[in-house]
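Colleague:
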Amino acid sequence: TLIDNGMPCVVMKAEDVGITGYEGRETLDADDALKGRIEAIRLAVGEAMNLGDVTDKSVPKMMLVAPPRNGGAVTVRSFIPHRAHATIGVLGAVSVATACLLPGTPAAEVAEAGEGRRRTLSVEHPTGEMTVVIELDDEGQVATAALLRTARKLMDGEVFA
Numbered sequence: 068t069l070i071d072n073g074m075p076c077v078v079m080k081a082e083d084v085g086i087t088g089y090e091g092r093e094t095l096d097a098d099d100a101l102k103g104r105i106e107a108i109r110l111a112v113g114e115a116m117n118l119g120d121v122t123d124k125s126v127p128k129m130m131l132v133a134p135p136r137n138g139g140a141v142t143v144r145s146f147i148p149h150r151a152h153a154t155i156g157v158l159g160a161v162s163v164a165t166a167c168l169l170p171g172t173p174a175a176e177v178a179e180a181g182e183g184r185r186r187t188l189s190v191e192h193p194t195g196e197m198t199v200v201i202e203l204d205d206e207g208q209v210a211t212a213a214l215l216r217t218a219r220k221l222m223d224g225e226v227f228a
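As numbered in this note's numbering, residues 68 to 228 make up the sequence shown, in order.
1. Just tell me which of Ile155, Pro135, Glu206 and Ser189 has its CA closest to the CA of Met74.
2. Could you spell out where the beta strand (DSSP E) holding Pro75 opens and where it closes?
3. Where does Arg216 sit, in a helix, a strand or coil, going by DSSP?
4. CB Pro148 to CB Glu106, shorter than 8 Å?
5. To the nearest whole angstrom, what separates the beta carbons of Ala210 and Val200, a pair I think is in contact under 8 Å?
6. Within the chosen definition, does the segment 172 to 192 reach the segment 126 to 137 through at least 3 CB pairs nearer than 8 Å?
7. Starting from the C-beta of Gly138, find all residues in its chain whose C-beta is less than 8 Å away, skip the five residues before and the five after it, and write them out in chain order.
8. Return the first residue and the last residue of the alpha helix (DSSP H) that Ala174 is part of.
9. For Ala228, which residues of its own chain have a beta-carbon under 7 Å away from its beta-carbon, when the five flanking residues on both sides are left out?
10. Return the chain-ordered list of same chain residues with a C-beta closer than 7 Å to the C-beta of Asp96, the five sequence neighbours on each side being excluded.
11. Buried or exposed, going by whether 16 or more other CB atoms sit within 10 Å of the CB of Asn72?
12. Go ahead and pull the three-state DSSP assignment for Glu206.
13. Sort Glu225, Asp83, Thr217 and Gly88 by Cα distance to Val141 and report the nearest one.
Structure below.
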């Protein structure tokens, strides 16, 4: 799937490129054959996405998806040119979540995306998850997309004068 809902991405099933989709970043970065295959695809689709020659560009991002393992909607391994991403970029997560809602796409085939006009999709990545909320219009097209971010306590302490 060639998609851009904030970030140009190529979304493929991890199994279609010979991995499970649950590998860690170090394992992916050590697989030169995999990285070469992914880069060849990235270079080939640049023109199709109207991005021109992407040799020296950081887009499109390459997303390898697999069924979720931790209660989310989908698991993803994200590649920025020449290496695996430790997590996933914010807009990349929005584009992957959107792909999960498009019937017949690799992401939709592995995702557990639920039903309804408003969907909350947890995009699992190597170090956690990113929650994306997508609202569809009456025709099933994306009307809005947003990220859920939470604040967390960074420190608890006492001050003595």
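We put the CB at the ideal spot given by N, CA and C, even for glycine.
Modeller: Reading off the structure:
1. To locate residue 74, count along the sequence shown from 1; it is residue 7. Comparing Cα-Cα distances from Met74 to each of Ile155, Pro135, Glu206 and Ser189, the minimum goes to Ile155.
2. In the sequence shown, residue 75 corresponds to position 8, counting from 1. Unbroken beta strand (DSSP E) run through Pro75: Pro75 to Lys80.
3. Counting from one through the sequence shown, the residue named residue 216 turns up at place 149. Coil at Arg216, not helix or strand.
4. Mapped onto the sequence shown, residue 148 falls at position 81. Mapped onto the sequence shown, residue 106 falls at position 39. Yes, Cβ-Cβ distance for Pro148 and Glu106 is below 8 Å.
5. As a first step, residue 210 must be located in the sequence shown, where it is residue number 143. As a first step, residue 200 must be located in the sequence shown, where it is residue number 133. In fact, because the Cβ distance is near 11 Å, the residues do not count as touching under 8 Å.
6. yes
7. Along the sequence shown, one-based indexing puts residue 138 at 71. Around Gly138: Ser189.
8. On the sequence shown, residue 174 is found 107 positions in, with the first residue counted as 1. That run of the alpha helix (DSSP H) goes Pro173 to Val177.
9. As a first step, residue 228 is located in the sequence shown; it is residue number 161 there, counting from the start. Within the same chain, Ala228 has no close Cβ partners at all.
10. Here residue 96 refers to the residue found at position 29 of the sequence shown. Around Asp96: Arg150 and Ala151.
11. Locating residue 72 in the sequence shown gives position 5, where the first residue counts as 1. Result: buried.
12. Position 139 of the sequence shown, counting from 1, holds the residue named residue 206. Glu206: coil per DSSP, three-state reduction.
13. Numbered from its first residue, the sequence shown carries residue 141 at position 74. Ranking Glu225, Asp83, Thr217 and Gly88 by Cα distance to Val141 puts Gly88 first.
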